[in-house]
Amino acid sequence: MNKVFSDAHSATEGVKDGMLLLFGGFGLCGIPENSIAALRDRGIKNLTCVSNNAGVDDFGLGQLLQNRQIKKMVSSYVGENELFEKLYLTGELEVEFTPQGTLAEKLRAGGAGIPAFFTPTGVGTKVAEGKEVREFNGRPYVLEHSIRGDFAFVKAWKGDKFGNLIFRKTARNFNPVAAMAGNITVAEVEELVEIGELDPDQIHLPGAYVQRIFKGRSYQKRIENLTLTKQ
Amino acid sequence: MALMNRDQIAKRIAQEVRDGFVVNLGIGLPTLVANHIPDGMFVMFQSENGLLGLGPFPHKEEVDADLINAGKQTVTYVAGASFFNSADSFAMIRGGHVDLTVLGAMEVDQEGSIANWMVPGKLIKGMGGAMDLVAGAKRVIVAMVHRDKSGASKILKKCTLPLTGVRCVQRVVTDMCVLDLGPEGFILKEIAPGLSIDDIKSASEAPLTVSHDLREIHL
Chain A
687 MNKVFSDAHS ATEGVKDGML LLFGGFGLCG IPENSIAALR DRGIKNLTCV SNNAGVDDFG
747 LGQLLQNRQI KKMVSSYVGE NELFEKLYLT GELEVEFTPQ GTLAEKLRAG GAGIPAFFTP
807 TGVGTKVAEG KEVREFNGRP YVLEHSIRGD FAFVKAWKGD KFGNLIFRKT ARNFNPVAAM
867 AGNITVAEVE ELVEIGELDP DQIHLPGAYV QRIFKGRSYQ KRIENLTLTK Q
Chain B
269 MALMNRDQIA KRIAQEVRDG FVVNLGIGLP TLVANHIPDG MFVMFQSENG LLGLGPFPHK
329 EEVDADLINA GKQTVTYVAG ASFFNSADSF AMIRGGHVDL TVLGAMEVDQ EGSIANWMVP
389 GKLIKGMGGA MDLVAGAKRV IVAMVHRDKS GASKILKKCT LPLTGVRCVQ RVVTDMCVLD
449 LGPEGFILKE IAPGLSIDDI KSASEAPLTV SHDLREIHL
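Sequence order for the protein chains is A and B.
So that you can map any letter, position 201 of the first sequence is 887 in our numbering, and since no number is skipped, the others follow by simple counting.
So that you can map any letter, position 144 of the second sequence is 412 in our numbering, and since no number is skipped, the others follow by simple counting.
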């Protein structure tokens, strides 16, 4: 077994035009920065990207938008990206808005072998249009299909060479569920350690979900909305 | 006429919070509610990006790029806090483990339906976690001004904008009054000091039933 790759370029080998890709991260927090940069450099196109947000103009998935590599986004909120707005309005980019909890559950369920699930979220709204609605215990629920991706790209704080991952604070967010739903999951970490160095009780995502792991060359960890106390 | 300001609306909503509550506050006006929780009351604020136990905004030396709220602002956490992934966060929300959520809205109607994420013809930014919050929280309170900038009522018979959720709002606190949602529609429960029942009725497109125990808002 060797899951360890030397860098983002080698770890993104095999990603092809037209694939469905999953990304961890919330805003710019906990995004797989190095993998995204490698996907940009590879120039692959017509991608469908599942990610809660779309980065900002020049960072995160915004870089793939700038290069016109993305055909469709599946996201819950994209408010921070001007280029996104422009591409969306001109019809160059297709967007499927999905409630945040439904998006997380689509990934979790996809990774857990559940093809679809009923949720109360979105019943009676645009989101439920054209979908089956069924009552359970007198309350209506809408049927949502789960998601599996050709590749998933996630970012963790620490990982070992088997792919066990530990996340840090709110940088965990969508990363574990995106990792679960990838046919090939690529994890990048700030610190890569030997097998046995991580305490099994502290692992957030077992290595079974991770096929490739590498230590990111550098992390900008940009802050989108710096807010300080006034006291 | 004395309309309540944003901080006063938040202060009134803070009276709904009970010791031990898990509370999720939406972006904007709702976040001000956290400033009015009485000392000694134990309340945990949930941030749907994966934190239960939100703290105040950080001092410069405390800033951590890995620690943000759902509005992507840098934050801190309090003693007893926990971090979790997005699926677990929305299990908490959808599964009824959040006692109260406070959200802003563009429109609320007499069926308790809310519209707060999309205006046709304008750029759509997305619903984020709002649809899950209104579908799952035990109690949904809307914080908003009674009328929009053009003076049009936001208290409607039927929402005109695309909905965020149907029959999910229990209470609305505006700059004029406190309204509950009952089987017959809006019930006027409390009035801002200096306003009359007629003031509220004329600012509302939907009919209001006046509660038998109507009182003045006490801050």
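Built from N, CA and C at the ideal position, the CB exists for glycine as well.
**Q.** Ser472/B classed as buried or exposed, judged by whether at least 16 other C-beta atoms fall within 10 angstroms
**A.** For the purposes of this step, residue 472/B is taken as the residue at position 204 of the second sequence. Label assigned to Ser472/B: buried.
Q: Look at Ile336/B and Thr856/A and say whether their C-beta atoms are less than 7 Å apart.
A: Here residue 336/B refers to the residue found at position 68 of the second sequence. Here residue 856/A refers to the residue found at position 170 of the first sequence. Yes, they are a contact pair.
(Q) Residues of chain B with CB closer than 9 Å to the CB of Ile833/A, please, in chain order. (A) As a first step, residue 833/A must be located in the first sequence, where it is residue number 147. Correct list: empty, because the minimum Cβ distance to chain B is about 12 Å.
Q: Determine, using beta carbons only, whether Cys735/A comes closer than 7 Å to chain B.
A: Residue 735/A sits at position 49 when you count from the first residue of the first sequence. Under the 7 Å criterion on CB atoms, Cys735/A is classed as non-interfacial with respect to chain B.
Q) Do the region 389 to 409 of chain B and the region 418 to 433 of chain B touch if we need at least three Cβ pairs shorter than 8 Å? A) A contact is defined here as three or more CB-CB pairs under 8 Å, and the region 389 to 409 of chain B meets this definition with respect to the region 418 to 433 of chain B.
**Q.** Distance CB(Asp443/B)-CB(Val413/B) smaller than 7 Å
**A.** The residue labelled residue 443/B in the question sits at position 175 within the second sequence. The residue labelled residue 413/B in the question sits at position 145 within the second sequence. Result yes, Cβ atoms of Asp443/B and Val413/B sit closer than 7 Å.
Q) So which of Ala338/B, Lys425/B, Met374/B, Glu284/B has the shortest CA-CA distance to Asp367/B? A) Taking the second sequence and counting its residues from 1, the one referred to as residue 367/B is at position 99. That would be Glu284/B, whose Cα lies nearest to the Cα of Asp367/B.
Q) Is DSSP giving His918/A helix, strand or coil here? A) What the structure shows of chain A is the stretch from 687 to 917, and residue 918/A is not part of that stretch, so it cannot be assessed.
Q | Neighbourhood of Ala814/A by C-beta distance below 8 Å, restricted to the same chain and skipping five residues each side | A | By 1-based counting over the first sequence, the position of residue 814/A is 128. Its chain contains Gly808, Val828 as the residues whose beta carbon lies nearer than 8 Å to that of Ala814/A, once the 5 sequence neighbours on both sides are disregarded; these appear in chain order.
(Q) Beta carbons nearer than 9 Å to chain A: which residues of the region 391 to 413 of chain B have them? (A) Leu391, Ile392, Lys393, Gly394, Met395, Gly396, Gly397, Ala398, Met399, Asp400, Leu401, Val402, Ala403, Gly404
Q: Decide if Glu910/A is buried, meaning its Cβ has at least 16 other Cβ atoms within 10 Å, or exposed.
A: As a first step, residue 910/A must be located in the first sequence, where it is residue number 224. With 16 or more Cβ atoms within 10 Å of its Cβ, Glu910/A is classed as buried.
Q) Opposite Ala842/A in the DSSP bridges: which residues? A) For the purposes of this step, residue 842/A is taken as residue 156 along the first sequence, with counting starting at 1. Val875/A, per the DSSP bridge assignment.
**Q.** Segment limits, beta strand (DSSP E) that includes His480/B
**A.** Walking along the second sequence from the start, residue 480/B turns up at place 212. 476 to 484 is the span of the beta strand (DSSP E), which, as asked, contains His480/B.
Q. In chain B, which residues lie less than 8 Å from Ala790/A when you measure between Cβ atoms?
A. Along the first sequence, read from residue 1 onward, the residue named residue 790/A stands at position 104. In chain order: Asn353, Ser354, Ala355, Ser357, Phe358.
Q | Partner residues on chain A for Val369/B, Cβ-Cβ distance less than 8 Å | A | As a first step, residue 369/B must be located in the second sequence, where it is residue number 101. In the sequence as displayed, the identity of residue 369/B is Thr instead of Val. Listed along the chain, the chain A residues whose CB falls inside 8 Å of the CB of Thr369/B amount to none; the nearest CB is some 12 Å away.
Q: Note down the Cα distance separating Ala723/A from Gln749/A, rounded to an integer number of angstroms.
A: Locating residue 723/A in the first sequence gives position 37, where the first residue counts as 1. Locating residue 749/A in the first sequence gives position 63, where the first residue counts as 1. Cα to Cα, Ala723/A sits roughly 8 Å from Gln749/A.
Q: Under 8 Å between beta-carbons, which chain B residues line up against Lys812/A? List them in chain order, please.
A: If you number the first sequence from 1, residue 812/A lands on position 126. Going along chain B in sequence order, the residues near Lys812/A (Cβ under 8 Å) are Met386, Pro430, Leu431.
(Q) Any contact between the region 881 to 895 of chain A and the region 304 to 321 of chain B? By contact I mean 3 or more CB pairs, one from each, below 8 Å. (A) Because the criterion of three Cβ pairs below 8 Å is not met, the region 881 to 895 of chain A and the region 304 to 321 of chain B do not touch.
Q. Closest by CA to Arg820/A, which one among Trp843/A, Thr805/A, Lys812/A?
A. Position 134 of the first sequence, counted from the first residue, corresponds to residue 820/A. Selected option, being the one with the closest Cα: Thr805/A.
Q) Would DSSP call Ser315/B helix, strand or coil? A) As a first step, residue 315/B must be located in the second sequence, where it is residue number 47. Ser315/B falls in the strand class under three-state DSSP.
Q.
Can you look up Val863/A in the DSSP assignment and give me helix, strand or coil?
A. Position 177 of the first sequence, counting from 1, holds the residue named residue 863/A. If DSSP states are grouped into helix, strand and coil, Val863/A belongs with the helices.
Q) With 16 as the cutoff for other CB atoms within 10 Å, does Gly636/A come out buried or exposed? A) As displayed, chain A neither begins before 687 nor continues past 917, which places residue 636/A out of reach and without an answer.
(Q) Can you tell me whether Val301/B is helix, strand or coil according to DSSP? (A) As a first step, residue 301/B is located in the second sequence; it is residue number 33 there, counting from the start. Val301/B falls in the helix class under three-state DSSP.
**Q.** Interface positions of the region 857 to 883 of chain A facing chain B (Cβ-Cβ less than 8 Å), listed along the chain
**A.** Ala857, Arg858, Asn859, Phe860, Asn861, Pro862, Val863
Q) Taking the beta strand (DSSP E) that Asn292/B falls in, what are its first and last residues? A) Locating residue 292/B in the second sequence gives position 24, where the first residue counts as 1. Asn292/B -> beta strand (DSSP E) spans 290 to 293.
Q: List the DSSP bridge partners of Val376/B.
A: The residue given as residue 376/B occupies position 108 in the second sequence. Ile382/B, Ile423/B.
Q.
Bridge partners for Cys715/A per DSSP, in chain order?
A. Taking the first sequence and counting its residues from 1, the one referred to as residue 715/A is at position 29. DSSP, once it has assigned bridges, lists Phe712/A as partnering Cys715/A.
Q: With 8 Å as the C-beta to C-beta threshold (strictly closer), list the residues of the region 795 to 812 of chain A near chain B in chain order.
A: Thr805, Pro806, Thr807, Gly808, Val809, Gly810, Thr811, Lys812
Q: Verify the CB distance criterion: does Ser721/A have a CB-CB separation below 7 Å to chain B?
A: Residue mapping note: residue 721/A aligns to position 35 of the first sequence, counting from 1. Output row for Ser721/A: interface = no.
Q: Give the single residue among Val343/B, Gly453/B, Lys393/B whose Cα lies nearest to the Cα of Thr913/A.
A: Here residue 913/A is taken as the residue at index 227 of the first sequence, counted from 1. Checked all of Val343/B, Gly453/B, Lys393/B; the closest Cα to Thr913/A is Val343/B.
Q: Could you tell me if Val478/B is buried or exposed, where buried requires 16 or more neighbouring beta carbons within 10 angstroms of its beta carbon?
A: In the second sequence, the residue the question calls residue 478/B occupies position 210. Burial call: exposed.
Q: Between the Cα of Lys279/B and those of Asp356/B, Pro388/B, Leu300/B, spot the shortest distance and give me the residue it belongs to.
A: What you label residue 279/B is simply residue 11 of the second sequence in a count that begins at 1. Here the closest residue by C-alpha is Leu300/B.
Q. Is Asn317/B close to chain A, meaning its C-beta is less than 7 Å from at least one C-beta of that chain?
A. Working through the second sequence from its first residue, we reach residue 317/B at position 49. Look at Asn317/B: its C-beta is under 7 Å from a C-beta on chain A.
Q | As assigned by DSSP and simplified to three states, the class of Glu284/B | A | Taking the first residue of the second sequence as 1, we reach residue 284/B at position 16. Glu284/B: coil per DSSP, three-state reduction.
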